[in-house]
Amino acid sequence: MQILDGKKAAQAIKDELKIDVAQLAAEGKKIPHLAAILVGNNGASETYVGAKVKACEEVGFRSTLVRLDENISENKLLDEIRLLNTDPDVDGILVQLPLPKHISDEEVINAIDPDKDVDGFHPVNVGYMLQGLPTFVPATPHGIMLLLQHYKIETAGKHAVVVGRSNIVGRPMSVLLSSNTNPGNCTVTVCHSKTNNIKEFCLQADIIVAALGKPEFVTADMVKEGAVVIDVGITRMEDPTKKSGFKLKGDVEFDTVAPKCSWITPVPGGVGPMTIAALMKNTYKSCMQKN
Ligand code: NAP
Numbered sequence: 002m003q004i005l006d007g008k009k010a011a012q013a014i015k016d017e018l019k020i021d022v023a024q025l026a027a028e029g030k031k032i033p034h035l036a037a038i039l040v041g042n043n044g045a046s047e048t049y050v051g052a053k054v055k056a057c058e059e060v061g062f063r064s065t066l067v068r069l070d071e072n073i074s075e076n077k078l079l080d081e082i083r084l085l086n087t088d089p090d091v092d093g094i095l096v097q098l099p100l101p102k103h104i105s106d107e108e109v110i111n112a113i114d115p116d117k118d119v120d121g122f123h124p125v126n127v128g129y130m131l132q133g134l135p136t137f138v139p140a141t142p143h144g145i146m147l148l149l150q151h152y153k154i155e156t157a158g159k160h161a162v163v164v165g166r167s168n169i170v171g172r173p174m175s176v177l178l179s180s181n182t183n184p185g186n187c188t189v190t191v192c193h194s195k196t197n198n199i200k201e202f203c204l205q206a207d208i209i210v211a212a213l214g215k216p217e218f219v220t221a222d223m224v225k226e227g228a229v230v231i232d233v234g235i236t237r238m239e240d241p242t243k244k245s246g247f248k249l250k251g252d253v254e255f256d257t258v259a260p261k262c263s264w265i266t267p268v269p270g271g272v273g274p275m276t277i278a279a280l281m282k283n284t285y286k287s288c289m290q291k292n
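Mapping of the sequence shown onto my numbering: residues 2 to 292, in sequence order.
(1) Have a look at residue 158 and residue 7 and give me their C-alpha separation to the nearest angstrom.
(2) Please determine, among 112, 243 and 156, the residue with the shortest C-alpha to C-alpha distance to residue 231.
(3) First and last residue of the beta strand (DSSP E) that includes residue 229?
(4) Note down the Cα distance separating residue 115 from residue 126, rounded to an integer number of angstroms.
(5) Starting from residue 325 and walking both ways along the alpha helix (DSSP H), at which residues does that stretch end?
(6) Whole angstroms are fine: how far does the CA of residue 4 sit from the CA of residue 174?
(7) Which one of 91, 84 and 83 has the shortest CA to CA distance from residue 291?
(8) Since residue 61 and residue 14 are thought to touch, with beta carbons under 8 Å apart, how far apart are those beta carbons, to the nearest angstrom?
(9) Provide the residue span of the beta strand (DSSP E) that contains residue 50, from first to last.
(10) Report yes or no: do three or more beta-carbon pairs, one from the stretch 213–228 and one from the stretch 256–265, lie closer than 8 Å?
(11) With a threshold of 6 Å on Cβ separation, who are the neighbours of residue 164 within its own chain once the five nearest residues in sequence on each side are excluded?
(12) Can you round the beta-carbon distance between residue 144 and residue 279 to whole angstroms, since I take them to be within the 8 Å contact cut?
(13) Between residue 56 and residue 272, what straight-line distance do the alpha-carbon atoms span, to the nearest angstrom?
(14) Per DSSP, residue 64 is paired with what?
(15) Output yes or no for whether 8 Å exceeds the beta carbon distance between residue 160 and residue 207.
(16) Looking at residue 64 and residue 37, is the spacing between their C-beta atoms short of 8 Å?
(17) Should residue 238 be labelled buried (16 or more other beta-carbon atoms within 10 Å of its own) or exposed?
(18) So, with DSSP's three-state summary, where would you put residue 237?
(19) Could you tell me which whole beta strand (DSSP E) segments of length 3 or greater appear in the stretch 244–292?
(20) Give the single residue among 149, 266 and 128 whose Cα lies nearest to the Cα of residue 187.
(21) Taking the straight line between their C-alpha atoms, what separation do you get for residue 281 and residue 141?
So this is what it looks like as structure tokens:
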């Protein structure tokens, strides 16, 4: 078994970007600028946004963090997005999900200028992705594809099982893995909460992508010998022995599954850092396209 080390692969991507940004600066050109909107003070969201802002600093991007009150109205939030849409200095906009219940994710995502939608959630960009056209690919599935590429994992002709069909992970993941690209060219099965006999499907998989948000759902008896296992799940579990009071659990029971795999991602240190690296790549691309 070998580890798909997302931390290392993400560092390699960030190191490359750092060189590119330094070059832009040396030539007096515009530096990429990411604007992140955080509504409320959900602990996990704070951590994710903080990591994104830190990654911007690391590669030399500008970043702006717009903090908004939990009770902000949807209209006020949409106004903030419109301001960023028209700000010529801003290349990428992301709104950290989840949003408070009184705000519609859909309205908010649709309000972001597709040319600045570095999370790749806007329907226009999703449409481009479906057609295999250049676009902003959602950061988590994009990061997973970059990880497979980094470790030269053979995907063509393989059977991939994606567990989860959300718009931000499972569904785009299934599209990318089945695309006529490298990595890609898999035969893909998508499982969800209404799938009967998930174990049967998983046992047929050469590649499993677990993205359901149920800690340790994928167990050793569901995985065939030699499979590649990508664990997207991140769930905070109470742990009084930790300073933070919690530990992170993936959707895969790592200790029992790992010995059966050819490759596996750890949690943390697998998909998470790759998501951020992919977001940085999208922001750089946006800046290059506009300038
Ligand atoms: P989500 O929107 O809640 O979607 C979960 C998906 O899993 C749904 O399609 C759901 O099916 C399916 N599902 C739920 N229970 C299931 C079960 N028992 N069997 C089979 N399928 C089941 O979650 P998400 O946003 O995709 O995120 C999934 C996980 O990835 C979460 O732990 C999240 O924190 C993590 N995540 C990590 C990163 C990262 O950077 N590492 C990024 C994004 C998300 P239905 O459609 O039928 O409801």
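Yeah, the Cβ is synthetic: ideal placement off N, Cα and C, and Gly gets one too. In this text the structure is predicted, and so the values were computed from the model without any measurement.
So, from the data block:
(1) Rounded to the nearest whole angstrom, the C-alpha separation of residue 158 and residue 7 is 24 Å.
(2) By alpha-carbon distance to residue 231, the top candidate from 112, 243 and 156 is 156.
(3) First-last of the beta strand (DSSP E) with residue 229: 229–232.
(4) The alpha-carbon atoms of residue 115 and residue 126 are separated by roughly 7 Å.
(5) Nothing about residue 325 can be read from this structure; the chain reaches only from 2 to 292.
(6) Rounded to whole angstroms, the separation of the alpha carbons of residue 4 and residue 174 is 20 Å.
(7) Selected option, being the one with the closest Cα: 91.
(8) Rounded, the Cβ-Cβ distance is 14 Å, inconsistent with contact.
(9) Element bounds for residue 50: not the beta strand (DSSP E) but the alpha helix (DSSP H), 44–60.
(10) Flag = yes, the stretch 213–228 and the stretch 256–265 touch.
(11) Apart from the 5 residues on each side of it in sequence, residue 164 sits with its Cβ closer than 6 Å to the Cβ of 192, 211 and 213 in its chain, given in chain order.
(12) About 4 Å separates the beta carbon of residue 144 from that of residue 279, a gap short enough to meet the 8 Å contact definition.
(13) Rounded to the nearest whole angstrom, the CA to CA distance from residue 56 to residue 272 is 15 Å.
(14) DSSP, once it has assigned bridges, lists 35 as partnering residue 64.
(15) If you check the CB distance, residue 160 and residue 207 come in under 8 Å.
(16) It is a contact, given that the beta carbons lie within the stated cut-off.
(17) Of the other Cβ atoms in all chains shown, fewer than 16 fall within 10 Å of the Cβ of residue 238; this residue is therefore exposed.
(18) Strand, per DSSP.
(19) The qualifying runs are 247–250.
(20) Comparing Cα-Cα distances from residue 187 to each of 149, 266 and 128, the minimum goes to 149.
(21) Rounded to whole angstroms, residue 281 to residue 141 spans 12 Å at the Cα level.
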